Ligand code: ATP
């Protein structure tokens, strides 16, 4: 099961060049996490330089937390265990306690290694009376294993959590993740950089002005911007198909129904 969640660094499909507008936080993450792993002998000279065993990325959805987690693993040459919370809590319910132990054992064998927990809040949210016994035992086991990691100076395993809801994590968890990074909704100039990256290999009409487009999209996440560009390119694709196919309108409508309603917004 765990092998299916494991990715070798060379197979990770994201690197820093796939992330735009986050240069400052990337620089900080490289110093805090990547360099101490890549240059372990050098960084061992000071306790203060050691890579943390817990890092939290928090911020709204679609702003690049998962991209960053993968890029860290690739840059640092770390194996990446993408610990899908659903697998732990649903499929392996009852046995998930054993699975939690197995994950840490494997990570130590394969170190340097990242254990990535997306939506860590739904897995390790404030422990309380609502927990089923099996869930509570699994969390306890996870925490025990994590503590074991903290006390072994030479083990290069990092628990990397991502969440949209840091306020739902209890203090015990937050304490284990001393390095915390906010990945917020992009500002104007960041949106422009993201749009540039998304469209870098696309043909653009000479009238396209990315600075203006960035100004007109406050509140859009990187994921929203990608979706906006996809919709706009679909609109162009429909025009292209019309010109190319020169088909009967009704036949064409079967493949591309609802043209006017669906694409009006993009045209604007
Ligand atoms: P969630 O909290 O929903 O898991 P997330 O913060 O982990 O979201 P990602 O999965 O990293 O977000 O990003 C979703 C998609 O949005 C990416 O695959 C990418 O296409 C785009 N994206 C988001 N932020 C950026 C960015 N800074 N640069 C380039 N693309 C971005």
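Residue numbers (full-length UniProt numbering): 79 to 346. Cβ coordinates follow ideal geometry from the N, Cα and C atoms, glycine included. Small disclaimer: the values here were computed from a predicted structure and weren't measured.
What is the rounded straight-line gap between the Cα of residue i and the Cα of residue j?
| i | j | result |
| --- | --- | --- |
| residue 144 | residue 301 | 11 angstroms |
| residue 267 | residue 288 | 10 angstroms |
| residue 87 | residue 113 | 15 angstroms |
| residue 316 | residue 150 | 39 angstroms |
| residue 346 | residue 105 | Its pLDDT being 44, under 50, residue 346 is placed unreliably by the model, and nothing is read from it. |
| residue 234 | residue 213 | 27 angstroms |
| residue 320 | residue 312 | 12 angstroms |
Do residue j and residue i have their beta-carbon atoms positioned less than 8 angstroms apart in this structure?
| i | j | result |
| --- | --- | --- |
| residue 141 | residue 276 | no |
| residue 236 | residue 159 | no |
| residue 107 | residue 239 | no |
| residue 292 | residue 314 | no |
| residue 193 | residue 185 | yes |
| residue 245 | residue 98 | no |
| residue 195 | residue 161 | yes |
| residue 131 | residue 221 | no |
| residue 152 | residue 93 | yes |
| residue 155 | residue 116 | yes |
Grab me the residues of residue i's own chain with a C-beta within less than 8 angstroms of its C-beta, minus the 5 sequence neighbours each way, in chain order.
| i | result |
| --- | --- |
| residue 226 | 182 |
Please list, in chain order, all residues of the same chain as residue i whose beta carbon is under 6 angstroms from its beta carbon, the five residues on each side excluded.
| i | result |
| --- | --- |
| residue 103 | 259 |
| residue 243 | 199 |
What did DSSP end up calling residue i once you bin it into helix, strand or coil?
| i | result |
| --- | --- |
| residue 103 | helix |
| residue 317 | helix |
| residue 137 | coil |
| residue 234 | coil |
| residue 38 | For residue 38 there is no data in the structure shown, the boundaries of the chain being 79 and 346. |
| residue 157 | strand |
| residue 309 | helix |
Any idea if residue i is buried or exposed, counting beta-carbon neighbours within 10 angstroms, 16 or more meaning buried?
| i | result |
| --- | --- |
| residue 148 | buried |
| residue 343 | Residue placement at residue 343 is flagged as unreliable, the pLDDT there being 44, under the threshold of 50; the coordinate-derived value follows with that caveat. Looking at its Cβ environment, which holds fewer than 16 other Cβ atoms inside 10 Å, residue 343 is exposed. |
| residue 137 | buried |
| residue 281 | exposed |
Just to confirm my understanding: we take residue i, look at its own chain, exclude 5 residues before and 5 after, and list those with CB closer than 7 angstroms. What are they?
| i | result |
| --- | --- |
| residue 272 | 98, 99, 264, 300 and 303 |
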